[in-house]
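Novice:
There are 2 protein chains.
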Amino acid sequence: MPASPITTVNSNTQTERLVLTLRARILKGEFSAGERLTELGLVSLLRASRTPIRIALERLANEGLLDPIPTGGFRVRSFSTIDICDAIEIRGVLEGTAARFAAERLERVEELGRVKRLLPRVILENPISPESFAQFLDLNRTFHREVWCLAKSPSLFRELEHACKIPFAAPEALVFSPADYEVSTAHVAAEQHRAIVEAIENREGSRAEALAREHSRIARRNLEAVFRSNKEGASRLPGAALVTH
Amino acid sequence: MPASPITTVNSNTQTERLVLTLRARILKGEFSAGERLTELGLVSLLRASRTPIRIALERLANEGLLDPIPTGGFRVRSFSTIDICDAIEIRGVLEGTAARFAAERLERVEELGRVKRLLPRVILENPISPESFAQFLDLNRTFHREVWCLAKSPSLFRELEHACKIPFAAPEALVFSPADYEVSTAHVAAEQHRAIVEAIENREGSRAEALAREHSRIARRNLEAVFRSNKEGASRLPGAALVTH
DNA sequence: AAAGAGCACATTGCATGCATTTTGCGCGAT
DNA sequence: ATCGCGCAAAATGCATGCAATGTGCTCTTT
Chain L
151 MPASPITTVN SNTQTERLVL TLRARILKGE FSAGERLTEL GLVSLLRASR TPIRIALERL
211 ANEGLLDPIP TGGFRVRSFS TIDICDAIEI RGVLEGTAAR FAAERLERVE ELGRVKRLLP
271 RVILENPISP ESFAQFLDLN RTFHREVWCL AKSPSLFREL EHACKIPFAA PEALVFSPAD
331 YEVSTAHVAA EQHRAIVEAI ENREGSRAEA LAREHSRIAR RNLEAVFRSN KEGASRLPGA
391 ALVTH
Chain A
151 MPASPITTVN SNTQTERLVL TLRARILKGE FSAGERLTEL GLVSLLRASR TPIRIALERL
211 ANEGLLDPIP TGGFRVRSFS TIDICDAIEI RGVLEGTAAR FAAERLERVE ELGRVKRLLP
271 RVILENPISP ESFAQFLDLN RTFHREVWCL AKSPSLFREL EHACKIPFAA PEALVFSPAD
331 YEVSTAHVAA EQHRAIVEAI ENREGSRAEA LAREHSRIAR RNLEAVFRSN KEGASRLPGA
391 ALVTH
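Protein chains in written order, with the working numbering: chain L, 151 to 395; chain A, 151 to 395.
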């Protein structure tokens with residue numbers, strides 16, 4: 151629906167493969183934070199020539215995963231926990247705006263059919279099986295993007311996608327592993343989802359905004375909890391290697 | 151202060167020159183909205199080889215001025231007035247967040263020295279001379295960026311810069327030409343600036359947010375006014391050629 | 001031992017050739 | 001007249017060579 155962001159452009163091209171591979175490897179922690187990524191070094195590592203590598207580096211820098219070096223080249227960016235908390239809060243602010251837009255721009259309640267159908271499914275049973283957990287994450291992601299679409303604003307969609315590129319900022323990153331996750335939190339989240347949809351349906355824009363914004367706090371709480379307690383487990387999460395406290 | 155965005159990276163490099171030139175020419179309307187920009191076509195036009203041109207196109211696409219074509223290449227993006235209104239509103243939401251952060255994170259009132267010194271100068275005398283108008287725009291821009299900095303959030307700064315890349319979305323684009331501009335609006339804006347700083351100083355985060363958000367509405371009103379009335383004059387503004395109603 | 005200069009190497013910026021894919025046009029068939 | 005096919009031209013994707021600049025190390029000097 152929106153002007154598609156540059157990350158999902160083509161397919162089957164070297165550049166695209168490199169962006170995916172590099173992003174995954176960076177988030178996995180294969181490069182230490184602050185490390186310079188040289189084009190030639192990546193040539194041998196990624197089996198590609200310098201040109202597509204250069205483009206991939208450009209794109210990842212635009213995503214915010216790399217920092218351009220003033221004299222040329224890029225280094226792996228590091229994120230403080232404050233950076234990440236801010237990124238989550240910004241995402242919350244933007245999702246709040248999306249929810250408000252959705253409420254303000256709703257024409258027919260039938261437009262809510264798809265989100266509503268998602269609602270009863272976004273709950274988690276105890277004990278958590280890996281499959282149900284994966285499905286939970288996926289449903290969560292689907293729900294949030296559905297709200298993005300209900301906002302009917304390509305501009306906002308675009309900014310949301312940009313803001314979610316930061317590690318841990320995306321809504322589906324709000325939970326980490328079944329082991330760390332409190333099932334009760336899932337119920338709180340589900341209730342918030344329900345309330346958001348209700349507010350949209352009632353055209354209560356301000357309420358929808360406040361709810362969506364508060365909803366993003368779950369991600370922040372989870373983040374803090376994980377980084378406080380379960381350090382070893384958390385360090386295996388994608389992106390965790392880039393976090394410097 | 152923040153992780154510098156990719157647009158201000160280097161200097162004296164072909165790529166950098168091309169980004170500036172191309173952006174200016176696109177905003178000036180030298181290419182029609184929707185037109186495909188081919189690398190070879192630009193080679194002769196910009197006197198550069200394909201490699202830096204390709205990079206420049208990538209960057210402009212990330213800014214949102216170009217749309218990637220799924221099968222490769224880029225075309226000049228067009229903006230509906232709704233797109234632009236949304237972009238302004240998003241900027242308002244983000245600046246509201248910046249003002250709130252500034253209020254919440256203020257440590258010593260002395261930090262406000264610089265914005266306060268800006269305040270009494272952001273007024274416009276009648277009649278408007280071109281110089282005083284240019285100075286007015288510059289001061290306005292400085293004020294807004296100072297608030298961005300007071301938010302003490304690199305993540306937010308980054309998103310603000312990104313959001314302001316859209317034509318007419320930036321705060322300094324809120325006014326167009328001395329002829330169109332109502333001097334009274336400048337006084338309203340100045341009062342809003344004053345109130346925002348006051349709210350920050352009093353640590354009234356919510357008020358600061360609401361004020362900054364509302365403040366962005368001036369840009370929107372101006373936009374609507376200009377596009378309704380003074381079509382010919384408006385069409386000479388940078389970016390106006392990309393607006394399709 | 002510390003600091004500075006100089007040099008060799010590493011790295012990026014740019015240019016350009018080749019191969020593949022896309023695109024647009026013209027022609028023919030229905 | 002319209003639709004579809006096929007071909008030619010054009011455009012991008014990729015690879016690689018060259019030049020200029022930056023980087024880091026060593027060696028010298030104080």
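Even glycine gets a Cβ: it sits at the ideal position worked out from N, Cα and C.
Is it buried or exposed for residue 386 of chain A, if we count other Cβ within 10 angstroms and need 16 for buried?
Specialist: exposed
Novice: Could you pull the start and end residues of the beta strand (DSSP E) that residue 225 of chain A belongs to?
Specialist: 224-226
Novice: What are the residues that DSSP puts in a beta bridge with residue 218 of chain L?
Specialist: L:224
Novice: First and last residue of the alpha helix (DSSP H) that includes residue 271 of chain A?
Specialist: It is not in any alpha helix (DSSP H) - residue 271 of chain A carries neither H nor E in the DSSP assignment.
Novice: Would residue 251 of chain L and residue 310 of chain L qualify as a contact pair, given that the criterion is a beta-carbon distance under 9 Å?
Specialist: no
Novice: From the beta carbon of residue 341 of chain L, is the nearest beta carbon of chain A less than 9 Å away?
Specialist: no
Novice: Counting only beta-carbon atoms, is residue 304 of chain A nearer than 9 Å to chain L?
Specialist: yes
Novice: Strictly below 8 Å CB to CB, what residues from chain A border residue 247 of chain L?
Specialist: 239, 240, 243
Novice: Mind checking whether residue 262 of chain L and residue 300 of chain L have CB atoms under 9 Å apart?
Specialist: yes
Novice: Hey, does residue 159 of chain A have any beta-carbon neighbour from chain L nearer than 9 Å?
Specialist: The predicted model places residue 159 of chain A with a pLDDT of 40, which falls under 50 and marks its position as unreliable; any figure quoted below should be read in that light. Yes, residue 159 of chain A lies at the interface with chain L (some Cβ there is under 9 Å from its Cβ).
Novice: Cα separation between residue 254 of chain A and residue 221 of chain L?
Specialist: Each residue's Cα considered, the two are about 36 Å apart.
Novice: Identify the contact partners of residue 313 of chain L in chain A, using a Cβ-Cβ distance below 8 Å as the criterion.
Specialist: 309
Novice: Is residue 204 of chain A close to chain L? Criterion is C-beta to C-beta, closer than 9 Å.
Specialist: yes
Novice: Go ahead and label residue 260 of chain A buried or exposed: buried means 16 or more other beta carbons lie within 10 angstroms of its beta carbon, across all protein chains shown.
Specialist: So residue 260 of chain A counts as exposed.
Novice: Name, please, each residue of chain A whose Cβ falls closer than 8 Å to the Cβ of residue 316 of chain L.
Specialist: 305
Novice: Grab the span of the alpha helix (DSSP H) containing residue 333 of chain L for me, first residue to last.
Specialist: From DSSP, the alpha helix (DSSP H) with residue 333 of chain L extends over 333-351.
Novice: Check whether the stretch 165-174 of chain L touches the stretch 207-220 of chain L, taking contact to mean three or more Cβ pairs, one atom from each stretch, closer than 8 Å.
Specialist: yes
Novice: Residues of chain L with CB closer than 7 Å to the CB of residue 233 of chain A, please, in chain order.
Specialist: 304, 305
Novice: Output yes if chain A places a C-beta closer than 9 Å to the C-beta of residue 288 of chain L; else output no.
Specialist: no
Novice: Report, in whole angstroms, the separation of the C-beta atoms of residue 226 of chain L and residue 184 of chain L, which I expect to be a contact under 8 Å.
Specialist: That pair is a contact at about 6 Å.
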